[in-house]
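Chains as they are written, first to last, in this note's numbering: chain Z, 1 to 101; chain L, 1001 to 1622; chain B, 2001 to 2512; chain V, 3001 to 3180; chain P, 4001 to 4545.
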């Protein structure tokens, strides 16, 4: 029972870092998007932890909202990706270079 | 009409005349001439009334004020002014009349007369002005009228060039003049001649050599002293009456007048410089005159030489060791002004005579293409002869008296100068003989000179009148008490001195005449000097390379310098710096554009690094 | 049970719905559109955009005439501190309504004749607008986040709305991922702030740490707290993404270019203004105690934003990207105003004024663009503006006025906006930023006038020695609808009039 | 026990998160994502946020990731077209990761940043969990968070309409296609 | 009706703007004759108002301004309001703007430019802005109107311009915007630091009389104003936009810009910069004077090298701005007064030169002076006009007396400031004579060149025509009027300048009184009545010679 806020914060921060790393590294749009979800989850973790240790509910409620929003975003995002795939036959980010300079 | 009003109207009438002609009578040549001559007559009559009515005035109107600095339109009419006014009014009137004949056929007659009126206006301004700024204004205005009149035959490139040269060289002189005026203003707190004189009188130490020399620059330019004389011979491109009026009798003499008017501002040290410049100009002018073949150019160089005489005379005033300085300067002024008056008459006469000849010979100006004219144009010949004799200083004629006064002054003060002036006198006699013999004697060498015939009375009458003046102007009765302010100062040699000076004078005169007669002979067809002493002739006809130096300066220095600056302006400032800076920013811009690679990952890096950057700033601040 | 509930009842009592009547009416209107689409027979559906626009107009007039005092809630918190109503919020409500009206209008032009659903466009626009209004008034991070995300999700859809075009979808995807990253960063920042601000171990900590007021009170006690600093940086970074401040501006050109003109305009004006409204609130009401680090951070951002935006725009040939990059530069000037508002109270008013004139000018330009490039993805290059003044003088005049105002040329309103910002900056002692801004404005003159030059110059007279200039063929003449003339003309006139006479807007300046 | 569970869930989460990033096959990545989500749910449980833990599993693992899987299957890009990160890009992202880790750890570990005593004084053992009955959420959502809740409803509506808009095929789609 | 004078000021500003806007908006539906008529009225009103106010000018002794009026515009929060009025410094420039505007407008009316309506509309807007610049007492509006006037220039150059017009327009605009913005920063600095929190010059002055700005701040602020305004006035080396821009600009625009708008910067420095920041001005003036000498000498020589008539006029205008700067550098009533007169005179002259230059171009179809020659034979009156204008420009105290007054006064002031500077400054007069006369000679005198003869194809080249003559005469008449009677302007200038700038009594600087004071005791007693003749100084104060 000695786990404190710092430990959760480390867990969350590292998760955030891994997620960001994934966004930077991966070329597949879908995987990149998954990594984004990882980052959001890291935030959720931090919020829940803070909520617990601060003794207020707001963090938890916020997480509730974030999950809602994330779900909505994923839906829209995947719709865009699917539509784009229908047109371009690819989901690889480097292929998406019509817009530049 | 009060005297003040009269003086102002003498100034305004010619101006109105010029204006009216310019606006209304550009194509009505006869009316234009009439208007201009009417103005000249008004000036003549008014002037005579002023001069002989013994009216002397000083008054001024405020023109412009800034703080303590005021410019006024001031008039100051004294004996000195009266003397010059006399010359200007009389010669001016006569030349107006002469022009009527000379310019009869000219298509630009109206323009010509407008120019004459403008000139009369400007000259009146110089005569009357009571402060240096007003003098300067009219100084530039005579320059302008001179420019316009020289440029009368504007379609001739030479005339156009000459006018330009005259104006610019005069501006060079005025550059010094203006500096002198500005300096004087801060030095004396005023530019009013009257007040400055009082200041100098109260405290003679306040004089400054620099101011004196800068003010002398005015005369340097207008009176064609070395090294700014180059414009005067070229100015002969203008109509001959103009040469007579402006470039012989009045405007060029105005430099002398100005010196005399501001003599109290010029300290003795400056006088010495002035004297030597004058002497150098005198001998230089006469040397150059020897090789010229253009009748007007000979006269022009002669004018330069005579102006040098006057300037030297003015400068000589400084050298009287014994006796107080004031008187000495007065003597110089007296001598210079005296010569100015006599020279004004006989040089105007000579030019008009030359004009008469040129007119008769259908604008032939080369003396070796004339000849035998004495028979065909007796009146002109007679008058011209009087002029020549007056110029060379034949005893009994006007030139003799005035030249003697100067020679005497030189004799008294500086023997070296005396020698130079005497030599000048000899050369004068020499080249005038050459001109006289070549133009009027021998056989006519061209068809034009063969067909020449005497001009009508409109042109000969002024000649005769001027000839009379050239004879009598040296005598005392011509100078009643009203001119005493000047004429009393003219040095008169007495006794042994008189004998000596007069003797030398006559001797050099005779020597010159005889040498000329013998050397050139009667009715020469070509220049003997050129044939026998080509080296000497070449040297003299190069006119001491002054023109070449100027030419070289303009082409090789000024033009190249401005081209260089233009290049720098375009390439360095406009090109390298301004366009370069724009180009540099453009490069950055291309770089910034290239940063938008279209690759999403790169964009995520941007965001990531953005946060890092912000955090670094936070850390940096803490 | 009653005891447990009584505080909740109290809180629930603060849910004053009448305080957000404008937002509610927009939301209802949005829903009504969907209902109407079902109810209306096919041939009547064309009327729906009209209904949307007309409804918004009604709301706007009602807002201006009867709701000027915010329903009496000005200066109050409602919804348990979720919202705070002030003059800024009131002004932003009007601002967003105007934006949405104009976007809706541009939408009618762009959507005309395209086989795309129309009602949904208005529906989303309306919801986004309502969310923008709430965003500008939010006083709590949860409210802030939710309205922000509503806006963002709405924009995902709007940007990729023209799904028959690859670039539209590509833009949508890019916006989606980058916005997601920035949202995650923002959220993490909020989490940290919540964690530290609500920590019971620290003095001044609050039960309601996500409330702006409470957080501010906490930060006053701990302005140097490291965790709070990180949180602040991450939150500001998230907002900087919305306002497109350097280096978070990188998405702007691509997304602007890919999106269709009305959406681009919405992004450029609405989203950016919302970001600034939020930034003002955050800077002044939340992070103000951290001034010592906040100002340098914002100064660096503003400097780089101005420089980068202007420099990158210099050689840009695509008008949408140009507008995007120049919008970046404008964000920089606005940032200067935001920083100044820390020291000079009325600088908020200056920022607001600037936003309004930016709205007018931007929509003037985007309006012209919408008329010129109904086929999206084409007609957006500078070359497409050649001879505009000859062929369509009306559009050219509007364009010139809009661009001139953006460039800050008197007598157009943009100039007044810039001057007010500059004066505020000087009063605040931001000399460096002032210098950078001036440099930026000079650069901006180049590309704005370059555009004007392209549209206006190449015509009429052909110098005989310039043989390369030949008269281009006239573009086909397309009638501009009277309504379009009215709206574009109105924008131009307003831009000019506001340059001379700022009375109506300076009202707000005084009140802020 | 709790400590062990914490370490376990953390390890699971990190590990599967790392596999999400590193696994080549998107399907594998999605599967690992589910594991990561469940790990996080476990951590939620440790934090006594049972409702959220359930939500996490239901929404994320149950809905979101499944959606991902659907899409991956739908697109079936498979091995056809797979661009791997280039050398430069890999190095850069690894460097970024290092930076991120340093940052993350410095956030969490540095005594400067964390209030002294925070770690020791308040642990799972010493603090009371806040109320986590679903009813608590209800109270909050319908009182203080009423407005965000409503807005979230609109958000979902917009998202729904957006998805329909983007995915629906129109009759004249082919015509539109031809235009580009 | 003195009460209505402020109204006249508004009329002078807004009538042209209004008419211009009308022409711009309804250009399609207005008849040509009506357009001309309305434009004529638009140009006439400011000129008439300017002349009327010139006559009626009598400033309030406290503020130094006449015809003051204030209209609020809604920016009370920073205390900006449309405050109009004229003082002795702005009056000449207001008159200048009216006169040159009328001439330029008249010429444009009959110039036969394509798209005449738009051209006139832009000119009218520019004209309104110009009137506003010099009538503004509020610093903000002073700047505001300047920009209003500047932008039409850009468009006019771009559309109706000559060679290189696109580049010239862009360069001019970017460069001038840079200058304008720098000066705007300076004005804002002045506003903030003065403590008056007002843009009203009168309040600024009042505030600074009580407590002036610290010297360091003055230095920075003045530097901003100096370089900002300096760019606008083509101070060397920030001049490169000028000749290029004027070379490309259509005639009327060049007339208005070079003649009037360019004076904005100098006016700003004279009216606002130097009086309100005396210390800063003092510290910067030496540097300014050196740059101004660069204008005079370097640009003087560059002008000599020009072959293109329009470029030459443009460069000569740059050069003459150097004199105005030199006058300002003195910071004395004399120097500044001279600068104001010179601005006035130069404005008229350069407008005249551009006008006549275009008349020449229409006859020769070239601006290259090497290809011209002998034009005077066909066009004597044009030649007379051009010679007059050129001579006025080079400071001849002849027909264009007004320029001379300015230059002379500047020189007088300059001597007191730095004696050595007078030498190069006066030398500039010689340089200007060189290029001026060379141009006159090349164009009008000598034989017609072959190129020219072939260009005219034996046609008779018409002399200056009424529509060219009228504007030229308008300009010339005012120029000569002021030249002959400078007090018509200098009295009011003096009235404004003297309280703002120090008045140097000559004796203070001259070495005369340095040694002993007794010299001052000398009093000049003028003899009453006719001065006795012929006496050297010792015989009486009349000084015989």
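For glycine and all other residues, C-beta sits at the position ideal for the given N, C-alpha and C. Everything numeric in this text was worked out from a predicted model, so none of it was measured.
Counted within 10 angstroms of its Cβ, other Cβ atoms place residue i as buried (16 or more) or exposed
i	result
residue 3073 of chain V	exposed
residue 1002 of chain L	exposed
residue 2163 of chain B	buried
residue 2482 of chain B	exposed
residue 4462 of chain P	exposed
residue 2061 of chain B	exposed
Close beta carbons around residue i, own chain, < 7 Å, minus the five adjacent residues each side
i	result
residue 1233 of chain L	1297, 1300 and 1301
residue 2513 of chain B	The requested residue 2513 of chain B does not occur in the structure, where chain B is confined to residues 2001 to 2512.
residue 2517 of chain B	Here chain B comprises residues numbered 2001 to 2512, so residue 2517 of chain B is not present and cannot be evaluated.
residue 1270 of chain L	1209, 1212, 1213 and 1216
residue 2225 of chain B	2196
Reduced DSSP secondary structure (H/G/I, E/B, other) of residue i
i	result
residue 1533 of chain L	coil
residue 1075 of chain L	strand
residue 4072 of chain P	strand
residue 1475 of chain L	coil
residue 1630 of chain L	Outside the modelled stretch of chain L, which goes from 1001 to 1622, sits residue 1630 of chain L, for which no answer is possible.
residue 4080 of chain P	strand
Anticipated Cβ contact below 8 Å, residue i with residue j, distance rounded
i	j	result
residue 4041 of chain P	residue 4348 of chain P	Their Cβ separation, rounded to whole angstroms, is 23 Å, which puts residue 4041 of chain P and residue 4348 of chain P out of contact at 8 Å.
residue 3021 of chain V	residue 22 of chain Z	4 Å
residue 2491 of chain B	residue 2364 of chain B	4 Å
residue 1274 of chain L	residue 1314 of chain L	6 Å
residue 1332 of chain L	residue 1307 of chain L	That belief does not hold up - the Cβ atoms of residue 1332 of chain L and residue 1307 of chain L are roughly 15 Å apart, past 8 Å.
residue 2250 of chain B	residue 2443 of chain B	That belief does not hold up - the Cβ atoms of residue 2250 of chain B and residue 2443 of chain B are roughly 19 Å apart, past 8 Å.
residue 4107 of chain P	residue 4471 of chain P	5 Å
Proximal residues to residue i (C-beta, below 8 Å), its chain only, five neighbours per side dropped
i	result
residue 1240 of chain L	1102, 1296, 1351, 1352, 1354, 1355, 1358 and 1359
Inspect the CB distances between the region 1575–1593 of chain L and the region 2229–2244 of chain B and report whether three or more fall short of 8 Å.
no
Touching or not, the region 4103–4121 of chain P and the region 4195–4213 of chain P, by the rule of three or more beta carbon pairs under 8 Å?
no
Could you check whether the region 2156–2171 of chain B touches the region 76–91 of chain Z, counting it as contact only if at least three pairs of C-beta atoms, one from each stretch, sit closer than 8 Å?
yes
Would you say the region 2378–2390 of chain B touches the region 3159–3166 of chain V, given that touching needs at least three Cβ pairs under 8 Å?
no
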